[in-house]
Each structure stands twice: as structure tokens, then as C-alpha cells.
Amino acid sequence: MYMASIPFTLAALATSAVPGLAVFGVREHDEDPSFAEAVIVSDDAELLVRVPRTQAAEVQQSATILGLAALTAGPRGRLPFAVPETLGLTRAGETRAVVSTFVDGAQFVAEDLSDDAILLQPLAEAIAAIHELPLGVAQSGGLPISTAQDLRLAATRIIDRAEATRLIPETVLQRWQRTVEAAELWDFAPTTVHGSLEAARFRVDGDKITGVVGWSELSVGDPAADLAWLLAPGSDVLDAVLARYVSQRNAGSMPNLRTRAALYHELEVAKWLLHGTEIHDQSVIDDAVAMMDRMVGVSGVLSVAYASTQSRSPLGETEVAALLEETPAVSTHVSDTAAVEALDEDRMFGNETDFVERLPEADEPVANNASGMASVPEPVTEAELAEFAALGADTGIVPDFDFTDPAAGHSSSAQPDPTPTDQARPAALTDDEDSQLTQPYTDDDLTGGRTR
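Here it is as C-alpha cells:
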């Protein structure tokens, strides 16, 4: 790798990377030991020139260029802080020099934060603003896009690899496995994330966040990953920032978010252990093992966070509002066609009776009684039977049952024959049947005639 370390050499590389650049001054900058850095003073701004010292730093620089390219003018306008902008690059030996705008500001140490620090509100606002960026920022920039299950599997793989070292305390291992196996914890909507947030990424001026740097891991992922670093000063600081964070955006279940943040925080130790085993550095391995030994016990941050998801207290006002916002709106609009079809169904099935023609009273069905069964007609008296018999004798129509036997007309077992035989019919009716069917009776045909 190119070992550029002289500020004037870096200034010369900057003029090659940015045509027409006028350099009025240069000063050393040693923020990251993986890079040779210098701040260039031009006529209207300060610029940062960086040359990677290692191959890993070069890979990181390439990812940063992609991340900053995805943050076009639109997304940058949504952020309440400054973001570096790549201005140019040039070859520097076997690697390259990259020139970008310089984001100035003071820095702070995470462990110095308290649960009532004045920076908590601007921190919550800055993180929420990143998570509110459209997913299209990462999609259009060709950056990684992960689903909730992708992230769950990634955490599982880290745990499995760490378990294979046989250096993980059983209590810690079970805690990690229990968390990744809890499906409800991984039911969340991925967002645009910074991906490598920590205190060193922020630039501050008093109680304001003026800039955020280090965008090499910009992607669509778990918002909890951007909050995990807040556990370094203690769980009270994370809780205080979360309370402000959920007031800025719909973050879903805060206990679940907190639990995943605690898991990511502990998995950083697992990554440190894996790094030590990969480079065969026993000092790194011993350091990671010592940190995990301190995580043993039920009072760990992840244990407490996980327990809170199993025995939750009643939802707060902010969480209820967030859940209501997640509930999809149901449209009550009914199209004209649907309304007409519903009206036709009402007509068809009798719900709407205004259009149903009533039957004549003689044709009305027998009403049901209170029990739901058809009402049984009153028995015919002997006087009525005698009257029917006399009327039949006068008209020549003889019924097919005996009127003189009341029981014959009311037996539940006897059924009248709907088609009487010819022998039971009078001869007069048989001979003149057609005329009786087509012509009405006259007054002379009736007994006694009609009084005119």
C-alpha cells in the first residue's frame, strides 16, 4: 500500500484528483490510523484527502464512495446534518487518493453520555432521520438490501461460528440462541441504516449534531443495529434515546427493538473473538473471552431486555399511537355497481318487500303458529257437512268422501284421492264437462236463483 504521510504530498494528490483546485493551506489529520489523511484549505472550503494504508482500508474506502454516491441531493436534503461529498480521486502508488468535503466538528466519547445529556435529543433525531430515508436510496445505489429473516440468519451464523470455537460460556450462548429463535422479535420492517454508527461517526457543535461520517455500510437493514452502540454507556442511555427516537418515527415494538439492539451489542464481542481466531492473535482472543466472562449471569443487558418482551407492561401512549398508525385504513366506499347488486339481492331474497306482489288472501300460505309449525284448521261441524251435502245435491257435484261421517274428513291416516274415478262422478258432469269448464254458471243453475 502507498505510505503517503507528508501533508504536502497529499495536497499534490488532491490537485490531481480535483482539476482546478487551488490549495491555500494544508494540515495533518489523524482521525483513522488506517489512512494517511490531510485537510486541504481551498479558496471556499476545506477538503479531506485520504490514502488507505492497508487493503482492508482500501475496501472500506470503496464502500464509502458507493454509500456517498447513493446519498444524492434529495436524500441529503432530508438529513438535519452535513454528509461528506466525494469530489474526485487519483492513483497513489498501488492504491488511490480520494478527495471529499471535510465535515468539521467536535467529537465525544460514548461512555461520557448520561441519561440526561443534552445530546440525547439531537442524537435521536439524527438516527431517526437516517432511518426515515426512502428504501430507494439503497436500491438505486446498488447497496445491500436485507429482509428481517436475512438479518436473523446472519446473526445465527455469527453465533454458530462463535460456538464452534468452544470459547463461549454456556449461559451467554443460550441467551443468544434463545433471542434468535424468538420469531416475534424478528417481525419488523427493515429501514435505511447507516450500518456502522458509533460515537466517532458524529460531529457536534455544542448541543447540535453538525455531521455524520463513515458511510461505508449504508444499506437496508435493522434499525436496532444503529442503536446498539448506545449500550456502551449503559442501558439507561439507550432507553432515554429510544424514548425520544420513537417520538420521531413509527418504530414498531420498542421492547423488541431494544432486545435486538442488546443482541447486536453482545455479538460485537463474538465478532472480536472470531477476528482474533482468524488472524491467530491470542491477545485478541483472550480479550474477547474476558469480555464474555463478564457477560455471564442473568443480569446482563440482553437478559433484561429479553425478559421485558416476555412480561411486558401496558403500552405507553406513544407505542399505542405507533400501533394505530400501523393499522391499515379500511375503505368504506361502495361503488355504484356494488350498491345496485346489493339492492337486487335484497329484492330477490325478500329483504326489501316494497317490490314483492302480495298474493290474494285466498292464496296466502297457512300461517305458522308460535312453535313454527303450520296451524291446524278447526274441525268441520256436522251442520257444515250437511250444508255441503245439500249444495252438492243441487249442483250435481258429489264429493269423493262421505259427508255424513265426520271422521272421514279428519282422519290423519286417510288421504283423499286427488283424481276421482269416473264411477264416482255424476253422468251429467261427464257428458257436459267441457261446457262446465269453459262457461260460467247462470243464476238458474243455482238453487233458488238470484233475486233481481
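For the sequence shown, numbering that gives the first Met the number 0 gives the first residue as 0, with consecutive numbering after it.
For each residue, glycine too, the CB sits at the ideal point set by N, CA and C.
Nothing here was measured: the structure is a model prediction, and the numbers come from that model.
Between which two residues does the alpha helix (DSSP H) holding residue 170 run? Residue 170 -> alpha helix (DSSP H) spans 169-180.
With DSSP as the reference, please indicate the residues paired to residue 460 in a beta bridge. Summary: the structure shown does not reach residue 460, with the chain confined to residues 0 through 451, and so no result is reported for it.
When you compare the CB positions of residue 83 and residue 102, do they come within less than 7 Å of one another, or not? The answer is yes: Cβ separation under 7 Å.
CB residue 38 to CB residue 26, shorter than 7 Å? Yes, the pair counts as a contact, with Cβ atoms nearer than the cut-off.
Does the distance from the CB of residue 184 to the CB of residue 276 come in under 7 Å? Taking C-beta atoms as the reference points, residue 184 and residue 276 fail to come closer than 7 Å.
With residue 56 and residue 142 assumed to form a contact (beta carbons below 8 Å), what rounded beta-carbon distance in angstroms separates them? About 20 Å separates the two Cβ atoms, so there is no contact after all.
Can we say the segment 253-271 touches the segment 279-296, given the rule of at least three CB pairs closer than 8 Å? These segments touch.
What three-state label does DSSP hand residue 238 in the structure shown? In the structure shown, residue 238 sits in a helix (DSSP, three-state: H, G or I).
Output the residue ranges of the beta strand (DSSP E) runs that lie fully inside the segment 225-278 and measure 3 residues or longer, sorted by chain position. The segment 225-278 contains no whole beta strand (DSSP E) run of 3 or more residues.
Tell me the residue span of the alpha helix (DSSP H) that contains residue 63. Start and end: 54-69.
Who are the near neighbours of residue 139 in its chain, counting only those whose CB is closer than 6 Å to its CB and skipping five residues on each side? The beta carbon of residue 139 sits closer than 6 Å to none of the beta carbons in its chain outside the five residues before and after it.
Let's test the definition: count the other Cβ atoms within 10 Å of the Cβ of residue 287 and tell me whether it reaches 16, buried, or not, exposed. Residue 287 should be labelled buried.
Whole-angstrom C-beta distance between residue 209 and residue 127, which should lie under 8 Å: In fact, because the Cβ distance is near 17 Å, the residues do not count as touching under 8 Å.
Locate the beta strand (DSSP E) running through residue 218, then write down its first and last residues. In this chain, the beta strand (DSSP E) harbouring residue 218 covers 218-220.
Ordered along the chain, which non-local residues of its own chain (more than five positions away) have a Cβ less than 6 Å from that of residue 406? Below a pLDDT of 50, predicted positions are generally treated as unreliable, and residue 406, at 46, falls in that range; the measurement from the model is reported next regardless. For residue 406, where only same-chain residues beyond five positions count, there are no Cβ hits under 6 Å.
Do residue 232 and residue 109 have their C-beta atoms closer together than 7 Å? Against a cut-off of 7 Å, the Cβ pair of residue 109 and residue 232 comes out as a contact.
Exposed or buried, residue 215, counting other C-beta atoms within 10 Å across all chains shown (16 or more means buried)? Residue 215 counts as buried, since no fewer than 16 other beta carbons sit within 10 angstroms of its beta carbon.
Whether or not the segment 159-175 and the segment 223-232 are in contact is what I'm after, with contact meaning three or more pairs of Cβ atoms, one per stretch, closer than 8 Å; do they touch? Short answer: they don't touch.
Compute the minimum distance between the beta carbon of residue 97 and the heavy atoms of the ligand ADP, and state whether it is under 6 Å. Of ligands this structure carries none, so the ligand ADP is not represented either.
Could you round the C-beta distance between residue 260 and residue 237 to whole angstroms and report it? I think they count as a contact, below 8 Å. So it is a contact: roughly 7 Å between Cβ atoms.
Give me the residue from 201, 59, 85 with the minimum Cα distance to residue 125. Nearest option by C-alpha distance: 201.
Continuous beta strand (DSSP E) stretch holding residue 89: start and end: It spans 85-91 - the beta strand (DSSP E) in which residue 89 sits, taken as one unbroken run.
So who's on the other strand from residue 37, going by DSSP bridges? Paired residues: 27, 48.
Rounded C-alpha distance that separates residue 8 from residue 40: Each residue's Cα considered, the two are about 14 Å apart.
Count the other CB atoms, across all protein chains shown, that sit within 10 Å of the CB of residue 23; report buried if there are 16 or more and exposed otherwise. Here residue 23 is exposed: its Cβ has fewer than 16 other Cβ atoms, across all protein chains shown, within 10 Å.
Is the distance from the Cβ of residue 219 to the Cβ of residue 191 below 7 Å? Yes, these two residues count as a Cβ contact at 7 Å.
Pairwise C-alpha distance: residue 71 and residue 47: In this structure, the alpha-carbon of residue 47 lies about 19 Å from that of residue 71.
Proximity below 7 Å, CB of residue 159 to CB of residue 239: Cβ distance not < 7 Å, so residue 159 and residue 239 don't count as in contact.
Nearest chain D C-beta to residue 27 closer than 7 Å, yes or no? Included in the structure is just one protein chain, with no chain D present.
Could you give the DSSP three-state label for residue 190: helix, strand or coil? Here residue 190 sits in strand by DSSP.
In the DSSP output, which residue or residues are listed as bridge partners for residue 81? The secondary-structure analysis by DSSP pairs residue 81 across a beta bridge with 210.
Whole angstroms are fine: how far does the CA of residue 282 sit from the CA of residue 77? Residue 77 and residue 282: Cα-Cα distance of roughly 44 Å.
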